[in-house]
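Asker: Numbering (our numbering), first residue to last: 2 to 83.
Heads up, the beta-carbon is just placed ideally off N, CA and C, and yes, glycines get one too.
#1: Helix, strand or coil for residue 21 per DSSP?
#2: Between 5, 9, 11, 54, which lies nearest to residue 73 when the distance is taken from Cα to Cα?
#3: Residue 80 bridges to which residues according to DSSP?
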């Protein structure tokens, strides 16, 4: 009856409070994310930039040729078909 209802309300209240406290800990802060820098406007002169692209050496596989064995992230991939 009444005692069971009171116990149920207390249990539901405790569960709601528990979930509300755990949600506050999962909030991410955008200030902790790394800053993305545009490489064209990074302020480093090109002659001081350590990145040097590899020369093109065409690798063959069947009718396809690809210009490098390894690429940097975001680098253009060139493929030829014979």
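Answerer: From the atom records:
#1: Three-state result, residue 21: helix.
#2: Comparing C-alpha distances from residue 73 to each of 5, 9, 11, 54 shows the shortest one belongs to 54.
#3: As DSSP reads the structure, residue 80 sits in a beta bridge with 67.
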